[in-house]
Structures are given as C-alpha cells and as structure tokens.
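The block underneath contains the structure these notes are about, expressed in structure tokens.
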Amino acid sequence: MPMQIKGIDLSGSTEREVTFYRDWLQTKRDFVETRLNGNLVMAARDGDFRIVAEFKPSKEAGKTQVRFTTAWVYGKVPDIVGPQLAQDLALTMPLGTDQLSDTFSFDADLVNRTTVYGNSLSVEANELYIREQALLRGWTVVGRSTLKGGLRIQTVLRRNKQEAIVATTRNGQFCSIVISNTLQP
1 MPMQIKGIDL
11 SGSTEREVTF
21 YRDWLQTKRD
31 FVETRLNGNL
41 VMAARDGDFR
51 IVAEFKPSKE
61 AGKTQVRFTT
71 AWVYGKVPDI
81 VGPQLAQDLA
91 LTMPLGTDQL
101 SDTFSFDADL
111 VNRTTVYGNS
121 LSVEANELYI
131 REQALLRGWT
141 VVGRSTLKGG
151 LRIQTVLRRN
161 KQEAIVATTR
171 NGQFCSIVIS
181 NTLQP
C-alpha cells in the first residue's frame, strides 16, 4: 500500500502550523478534526489518499512533533479485494463518532481493511452499540474479552468469509474504535 509518514519537530508555538494544516485540509473531502490522547489530529480525503496531520509533544522538552501521513485508501479498489471489503462493513457507529482513517492492506491472498473511529462515549457503550448493530446485520459474535480493567474490550465477529476484530479502547477522555476486517480465501 503506498504510504508515506514524515515527522517534523517544532519549537515554541504551533499556531501557524495548525492554522496551515486546518485551512488546507478543510478544502478536502471528509475533513475531521479531533483529539486523540489529548493530541490534535486532523484528517481529510484528497483524491485516492487519506491525509492525516497529528500534533503531539516531542520527546525533547518544549517541542511539538507534527506527524504527517498520506496513505492510499480510496479510489479504484484493486481486483484482489472482494466486494465484501470494497463496501462498508455495514457496522453502524454511534452518533457523534468521527472516522479517523480507513486503509486496505494485502498479504498473499488475504485482504484486510482497517478502519479507525473515535468518540467521547464509554468503552462499554461503544462496544454494546456496535455488537448489537453487527448482530442485526448478519454478523456472529465469536468471542469477546474485557481487558485492562474495562479500559479495553475486544470483540471478534464473523460473517461469511469475513472476520472482524473490533478493539474499543479508552484513551483519557477519548475512546478509539479500531476495526480490523479480514477476508478469508
């Protein structure tokens, strides 16, 4: 999958850089601005690519690192991707959820689609809502486990030749939902 990740360290205020990326990304499709672990994250779709800019404290005191990622995620889906993965997973997210990324990866004859979402709901509320919606759409719950004292719930779903692992995690005030959906041969 074509992808490029760059990082730059900035000293002092990042106001100019935040304004630049916000103004630029807002002109693109599917613009999202949110916070992940307290870090500002902005993302948008530009043609066949998803662009993400993340501002986080650098390991060096007084500096901020800007991570800038571009990845091929949209456009014409390669022939190896089955129609099940070329479409949405048919898993409905709770109201107020932002999609942060959506990527395909390939390994031999396996195809994986990983989608990352975020919202401010609890781990339990997210997992319950997604699990109920999955059951309504023909998925079967294969396994479910609560980890780290309830700060993370992992649910394994299966439908036809698809297996989806839904990892819901609390990160401070933010809840991230990572869905890794693999099409089996």
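So the sequence shown is residues 1 to 185, counted in the numbering used here.
Each residue gets a CB set at the ideal place from its N, CA and C atoms; glycine is no exception.
- Within the model, the alpha-carbon separation for G150 versus E124 is close to 8 Å.
- Take the alpha-carbon of G138 and the one of Y21: they are about 40 Å apart.
- No residue range can be given for D48, since it is assigned to no alpha helix (DSSP H) and is classified by DSSP as neither H nor E.
- Between the stretch 145-159 and the stretch 62-72 there are fewer than three C-beta pairs closer than 8 Å, too few to call the two in contact.
- DSSP places L147 in the uninterrupted beta strand (DSSP E) bounded by T140 to L147.
- Between A44 and D30, the gap from beta carbon to beta carbon is short of 8 Å.
- In this structure, the straight-line span from the alpha carbon of V32 to that of G143 is close to 32 Å.
- When DSSP states are grouped into helix, strand and coil, G150 belongs to the helix group.
- About 32 Å separates the beta carbons of L40 and V111, which is beyond the 8 Å limit, so they are not a contact pair.
- In the three-state DSSP reduction, E60 falls in the coil class, being neither helix nor strand.
- By the 16-neighbour rule on beta-carbons within 10 angstroms, D102 is buried.
- D46 is the residue among L36, D46 and T14 whose C-alpha sits nearest the C-alpha of K28.
- Within the same chain, Cβ atoms closer than 6 Å to the Cβ of G7 are found at Q65 and R67, the five residues on either side in sequence being excluded.
- It is roughly 13 Å from the alpha-carbon of W24 to the alpha-carbon of R50.
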